[in-house]
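Asks:
In our numbering, the protein residues as written are 6 to 321.
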């Protein structure tokens, strides 16, 4: 029998905004830790033009297939032995999500597992724990996706509370900022805040019960805020596992996002043009959570769902 020399694993996280690919060589006698061979992401915008109506729009559908074909090439190039692909909110809730799963398999041979919000929250927490030493104190972990937002209250050992809400940045954009060419109107800020207050009542109760001391943000929005703090866009490979995000820096970035029209927002140093609008509605959400919790210590985690899957596979 021919045994491949190395076990190489590809982890694909198909989010509503971004598709991520992580390729690692699993631990073996030569190295005790997994070695990252490739870490890349593509802004697919799977939710654009359809998620609020419950379907994946044709252009987004085509972008998804095109991206997976590219991932398949990288997987072959790196002689990967195992592939784990997960999909979240956009594929969970859309009428043609199951069809896309079938098409991906037919065209690439990649089997996509559509996971529930609760499971997503668990994996995000496992990923964050690899990037941030949470210690014994309770932290609030947030992952703002395009379709859903996961909130987890956890320390290094225990998840005390978790919930996934279908209030991702693409949905918030569709609801509160349908024409994002201009400045986000004050009335829209107030409307989004009122909506969040209503929807996030379970979070308010959990925060009151558990009183988390710090916030860890895992997702593109938080990476962008950390890049704005730095004044430049970092590549996926450059991102450290975790970055401290000063509260003043968040406030400054948030004020800029609220007062500039689209073109000037997109031109801010550290912003991916694709995130320029989503960051506005995500900023309102983060600001609301800070107000709700009184938390002043913020950190970002470059690790999330796919690193959580890896962590789980390494311990199983």
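A virtual CB, placed ideally from N, CA and C, is assigned to each residue, including glycine.
Fair warning: this is a prediction, and the values are worked out from it, not measured in the lab.
Apart from the five residues just before and just after residue 138, which ones in its own chain have a Cβ nearer than 6 angstroms to its Cβ?
Replies: Correct list: empty, nothing qualifies.
Asks: Below 8 angstroms on the Cβ atoms is my contact criterion, and I expect residue 198 with residue 289 to pass it. Report the Cβ-Cβ distance as a whole number of Å.
Replies: Correct: roughly 7 angstroms between the Cβ atoms.
Asks: Is it right to say residue 249 is buried, meaning 16 or more other beta carbons lie within 10 angstroms of its own, or is it exposed?
Replies: By the neighbour-count rule (16 or more Cβ atoms within 10 Å), residue 249 is not buried but exposed.
Asks: Would you check if the distance between the CB atom of residue 80 and the CB atom of residue 15 is smaller than 9 angstroms?
Replies: Their beta carbons are under 9 angstroms apart, which means residue 80 touches residue 15 by this criterion.
Asks: Apply the 10 Å Cβ neighbour rule to residue 304 and answer buried if 16 or more other Cβ atoms are within range, or exposed otherwise.
Replies: Result: buried.
Asks: Please tell me whether residue 153 and residue 171 are closer than 9 angstroms, where the distance is taken between their beta carbons.
Replies: Yes.
Asks: Work out the CA separation of residue 102 and residue 73 for me, nearest whole Å.
Replies: Cα to Cα, residue 73 sits roughly 15 angstroms from residue 102.
Asks: If you check the beta carbons only, do residue 52 and residue 91 fall under 9 angstroms apart?
Replies: No, they are not a contact pair.
Asks: Report, in whole angstroms, the separation of the C-beta atoms of residue 195 and residue 309, which I expect to be a contact under 8 angstroms.
Replies: Residue 195 to residue 309, Cβ: 30 angstroms. No contact.
Asks: Expressed to the nearest angstrom, what Euclidean distance is found between the alpha-carbon atoms of residue 124 and residue 157?
Replies: C-alpha separation (whole angstroms): 11 angstroms.
Asks: Answer yes if the stretch 171-181 comes into contact with the stretch 280-300, meaning at least three C-beta pairs across the two stretches below 8 angstroms, and no otherwise.
Replies: The stretch 280-300 vs the stretch 171-181: in contact.
Asks: Using a Cβ-Cβ cut-off of 8 angstroms (strictly less than) and excluding sequence neighbours within five positions of residue 160, which residues of its own chain qualify?
Replies: Correct list, in chain order: 139, 140, 141, 142, 143 and 144.
Asks: What's the C-alpha gap between residue 23 and residue 65?
Replies: Rounded to whole angstroms, residue 23 to residue 65 spans 11 angstroms at the Cα level.
Asks: Can you grab the Cα-Cα spacing for the pair residue 244 / residue 106, in whole Å?
Replies: For residue 244 and residue 106, the distance between alpha carbons rounds to 30 angstroms.
Asks: In chain order, which continuous runs of the beta strand (DSSP E) of length 3 or greater are located wholly inside the stretch 89-138?
Replies: Runs found: 117-119.
Asks: DSSP on residue 174, reduced to helix/strand/coil?
Replies: Here residue 174 sits in helix by DSSP.
Asks: In the DSSP assignment, what residue or residues form a beta bridge with residue 87?
Replies: 14, per the DSSP bridge assignment.
Asks: Specify, as a first and last residue, the run of the alpha helix (DSSP H) that residue 291 falls within.
Replies: Here the alpha helix (DSSP H) through residue 291 covers 283-298.
Asks: Based on the DSSP output, what are the partners of residue 144 in its beta bridges?
Replies: For residue 144, which the question treats as bridged, DSSP gives the partners 159 and 219.
Asks: Entirely within the stretch 16-75 and at least 3 residues each: give me those beta strand (DSSP E) ranges in chain order.
Replies: Runs of the beta strand (DSSP E) inside the stretch 16-75: 23-30 and 40-48.
Asks: Report back the beta-carbon spacing between residue 217 and residue 300 to the nearest angstrom; my notes put them in contact at under 8 angstroms.
Replies: At roughly 7 angstroms, the Cβ-Cβ gap stays under 8 angstroms, so residue 217 and residue 300 are in contact.
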